[in-house]
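Chemist: All you need for my numbering is the position in the sequence shown, starting with 1, plus 1091. Structure incoming, see below.
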Amino acid sequence: MKKALLLCLVLLMAGSFAFANGKDDGTVTIGCNIYSFQDNFMNGAIKPELEKYAAAKGVKIDIVDSEGQQAKLNDQVDIFITKKVDVLAINLVDPAAASAIIEKAKKANIPLILFNKEATEDGVMKSYDKVWYVGTNSAESGVIQGEMMVADWKANPAWDKNGDGKVQYVMLKGEPGHPDAEARTKYSVKAFTDAGIGVQQLALEADPNWSTQFGNDKMAAWLTSSFGKDIELVICNNDGMGFGAITAMKAAGVRLPIYSVDALDQALTHIEDGELDGTVLNDGVNQARATIDLAINAAKGMDVTAGTSWKIDNGNTKAVRVPYVAVTPENYKEFR
Ligand code: BGC
Ligand code: CA
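What follows is the structure, given as structure tokens:
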């Protein structure tokens, strides 16, 4: 009797897996994209861990390159749906285009995990009961970067080159409309004004690709511009652009205070070499792991955080937010 019951149960389970993924080997398949394989952080920190952790968990992950084109991503999602993947893990190209993806997933009744680029359309996360977000609290990175800069500014009076008590800064912003880029731009500078220190923005340039080439080109141009000699601080919204700015400064033989976000290995090396004053850990390893954990649970129709230590925040955003950490010349070795 017991045996018969067990057999029934096993058959039932096998049946439901086969139903879930349209194949019959019981393996969970995740249809995944990266908005651009050219992105330092996505390619260097997130993608390798998605692959590694999926393998460790015994699930299949198919990762495609959306090449910075939302239209391409829409097609890739259609293909994943046709292939009957069990769950989608999607890195939006355009954070304002989540609704199109959510509608596709909803129509196909496939759970959807969005990661790294938080949807910006109002109420969109509530439009489907099987969509969740994995990322960070964007503002936190700006706040932490800002606090680091303020502390160092106060400790180094010589950084105020013209002695006017204000910070003359240049800013390398990432993708306009990307919640991380917007929040970092705002909160890093706000830390100075909150501390009663005046600021003057000499230049700000935004790059949808957050790229090293862009950082290099802009910094090189700024250094030779009419205000080149007035720059007292270089604020970079990610490491990638910061790497370019560092290269440009070295080529011009100048060393201005410079800060970024992500804490990629190369950034730690720049800190070690005295070429970068600080960055903020954007924890790609844990963001990738949370994405996979939620995807597996969702594919199995379980509570998405079941058996994990991830917490879904209380708001309407249905998000797991991995904390940022300050990385300085004092503590960078801990992040290797
Ligand atoms: C990272 C950037 C990256 C962007 C891509 C941000 O969280 O800090 O380096 O380019 O995500 O969406
Ligand atoms: Ca000044």
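A virtual CB, placed ideally from N, CA and C, is assigned to each residue, including glycine. In this text the structure is predicted, and so the values were computed from the model without any measurement.
Using only the alpha-carbon positions, how far apart do A1311 and E1212 sit?
Modeler: If I take the Cα positions, the gap works out to 36 Å.
Chemist: So is S1378 buried or exposed if we call it buried at 16+ other beta carbons inside 10 Å?
Modeler: At residue 1378 the sequence reads Gln, which differs from the Ser that was named. When all chains shown are included, Q1378 counts as buried.
Chemist: Are the beta-carbon atoms belonging to K1197 and S1229 less than 9 Å from one another?
Modeler: No, these two residues do not count as a Cβ contact at 9 Å.
Chemist: With distances taken Cα to Cα, identify the nearest neighbour of A1272 among A1199, V1215, D1243, P1186.
Modeler: Checking every option, the nearest Cα to that of A1272 belongs to P1186.
Chemist: Please return the same chain residues whose Cβ sits closer than 7 Å to the Cβ of N1200, not counting the five positions on each side in sequence.
Modeler: Correct list: empty, nothing qualifies.
Chemist: Does DSSP put Y1278 in a helix, in a strand, or in coil?
Modeler: Residue state, collapsed to three classes: helix.
Chemist: Taking 8 Å as the cut-off, is the C-beta of N1253 nearer than that to any heavy atom in ligand 2?
Modeler: N1253 Cβ: within cutoff of ligand 2.
Chemist: By the DSSP assignment, the alpha helix (DSSP H) with Y1126 in it spans what residues?
Modeler: Per DSSP, Y1126 belongs to no alpha helix (DSSP H) and is neither H nor E.
Chemist: State yes or no: is the C-beta of G1256 nearer than 8 Å to some heavy atom of ligand 2?
Modeler: Answer for G1256: yes, Cβ within range of ligand 2.
Chemist: Please report the distance separating the alpha-carbon of D1368 from that of K1391.
Modeler: Spanning the two alpha carbons is a distance of roughly 45 Å.
Chemist: For Y1224, name the three-state secondary structure that DSSP assigns.
Modeler: Y1224: strand per DSSP, three-state reduction.
Chemist: Which word fits M1393, buried or exposed, when buried means at least 16 other C-beta atoms lie within 10 angstroms of its C-beta?
Modeler: With fewer than 16 Cβ atoms within 10 Å of its Cβ, M1393 is classed as exposed.
Chemist: Return the CA-CA distance between I1326 and D1116, expressed in angstroms with no decimal places.
Modeler: Looking at the two C-alpha atoms, the distance is approximately 50 Å.
Chemist: What residue from E1194, G1135, K1277 has the CA that sits closest to E1231's CA?
Modeler: Residue K1277 is the option with its Cα nearest to E1231.
Chemist: Can you tell me whether H1361 sits near ligand 3, meaning its C-beta is under 8 Å from at least one heavy atom of the ligand?
Modeler: Here the bound small molecules are ligand 1 and ligand 2; ligand 3 is not part of this structure.
Chemist: DSSP three-state call for Y1423: helix, strand or coil?
Modeler: Of the three classes helix, strand and coil, the one that applies to Y1423 here is helix, per DSSP.
Chemist: Please report the Cβ distance between Y1415 and T1227, rounded to the nearest whole angstrom; I am assuming they are in contact, meaning their Cβ atoms lie under 8 Å.
Modeler: Between T1227 and Y1415 the Cβ distance is about 6 Å, and since that is below 8 Å, they are a contact.
Chemist: By the 10 Å Cβ neighbour count, where 16 or more other Cβ atoms means buried, how is Q1167 classified, buried or exposed?
Modeler: It counts as buried.
Chemist: With a CB to CB cut of under 8 Å and the five nearest residues on each side skipped, what residues in its chain are close to P1248?
Modeler: Once the five neighbours on either side are set aside, P1248 has no close Cβ partner at all.
Chemist: I want to check one thing, is the minimum distance from the CB of Q1357 to the heavy atoms of ligand 2 below 8 Å?
Modeler: Q1357 Cβ: outside cutoff for every heavy atom of ligand 2.
Chemist: Using the C-alpha atoms, what's the distance from D1251 back to M1262?
Modeler: The alpha-carbon atoms of M1262 and D1251 are separated by roughly 17 Å.
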